[in-house]
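Note that the sequence shown covers residues 40 to 336 in our numbering. Quick reminder that beta carbons are idealized off the backbone N, C-alpha and C, glycines included.
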Amino acid sequence: MRTGDGRTAERRAVISGAAQSDIGRRLHRSGLDLTIEAALRAVGDAGLSVDDIDGLSTYPGSGGPFGGASGAELHDALRLSLNWRDGGLETSGQLGAVHKAVLAVGAGLARHVLVFRTVVEGSGGPVRASTAGGGLPPAFRYLIPYGAVSAANWIACYANRHMHDYGTTREQLGAIAINARKHAASNPKAVYTEPMTMDDYLAARPISEPFGLYDCDVPCDGSTAVVVSHRDYSRDAPEVPVQINAMGTAHRGRPSWDQFDDLTTMAMRDSATSLWERTELNPEDVDTAQLYDGLVG
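Listed below in structure tokens is the structure:
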């Protein structure tokens, strides 16, 4: 791991505020309503007002599945006066919205960027959301005929490949789900907190072989927002902002869920490599890991 010269953007930006809306299943609230709630809470957490926000970034914008609100909607609802705005599906994953906010602050295009991601279960799955605009994304045209309409179908292929190559068992996958449920009990916003046993896990109805119900993420409604600010705001912030040590965004394989060069890995392989190349830290220095994966595979 090398000393982080060249990390200009990371050196100039901090996360000054963070918040969530209410989280739950079928809240019967609009995506914009949830987004406004999370946004105002995050701005308040940063010790700012909406008048201070001059940048806006989101994923997936108005074009992706489960998108609860677009950047344009929030821009208008809060009457923001922006110097910079970005939002789209083709980026370095969900965190791409944060990455680009950091770059914007680092480049001097904005001073306080509001970043949000909103999911509304009632907005429908990939097929419904995509067909609403009059057509399917090209990749889906190859998947729909086989009924592969959700991430559970796609990641099941990864899990099967891992089982084939390494002898991974369902019980090993189950240990991940059981551990996640155990830790969820300490989160007051978790949808499910009841303990789960291995028998519970193995008895769950099948979804997409080898996955059962408890291998899959839980559709829910909610919004998360953060404020990315210029580092010099740290002097005035009511709370100590989170400093950004390094970011990794590399994607060196094919941009495809089912045609990746090694189906026992995922895109995190490349982004993690580029992350560690940009920092003087090592994995053993990390004492808190917040990893996103909606399925145990």
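Between which residues of its own chain and residue i is the CB-CB distance below 6 Å, once the five residues before and five after are set aside?
i	result
W123	G94, A143, L148, A149
D238	none
T207	H201
T303	R200, H201, D204
G126	T97, G100, G110
R244	L252
R220	M235
On the DSSP bridge assignment, give the partners of residue i in chain order.
i	result
A58	A264
T157	S262
G126	T97
H269	A52
F250	S247
V152	G94, V267
Q282	V53
G22	In the structure displayed, the chain extends from 40 to 336; residue 22 sits before or after that span and is not available.
Check each candidate in the options and name the one with the smallest Cα separation from residue i.
i	options	result
V341	L334, H290, R270	This structure does not reach residue 341, given that the chain is present from 40 up to 336, and the question cannot be answered.
G287	P294, M305, S313	S313
L330	W315, A111, M307	M307
Y253	V154, V152, G333	G333
R50	S273, S189, R209	S273
P249	E233, E210, I217	E210
V159	A289, A52, D72, D90	D72
T130	T157, S60, Y240, H290	H290
G145	R317, T327, D309, T47	T47
Would residue i pass as a contact of residue j if the rule is Cβ separation under 8 Å?
i	j	result
I194	G336	yes
C255	A198	no
R64	D260	yes
V82	V267	no
S151	I92	It should be pointed out that residue 151 corresponds to His in this sequence rather than to Ser. For H151 and I92, yes; Cβs fall inside 8 Å.
T232	T157	no
Within its chain, find whatever has a CB closer than 8 Å to the CB of residue i; leave out the 5 residues flanking it on each side and keep chain order.
i	result
G86	S55, G56, D275, A276, P277, E278
D300	G292, R293
Excluding five sequence neighbours on each side, which residues of the same chain lie with their C-beta closer than 7 Å to the C-beta of residue i?
i	result
G135	Y98
A77	A58, Q59, S60, F155, S262, T263, A264
Can residue i be considered in contact with the ligand NAD, in the sense that its beta carbon sits closer than 7 Å to one or more heavy atoms?
i	result
L113	No copy of the ligand NAD appears in this structure; indeed no ligand is present at all.
- Cβ pair count under 8 Å reaching 3, the region 108-121 against the region 228-237: In this structure the region 108-121 does not touch the region 228-237; the number of beta carbon pairs closer than 8 Å is below three.
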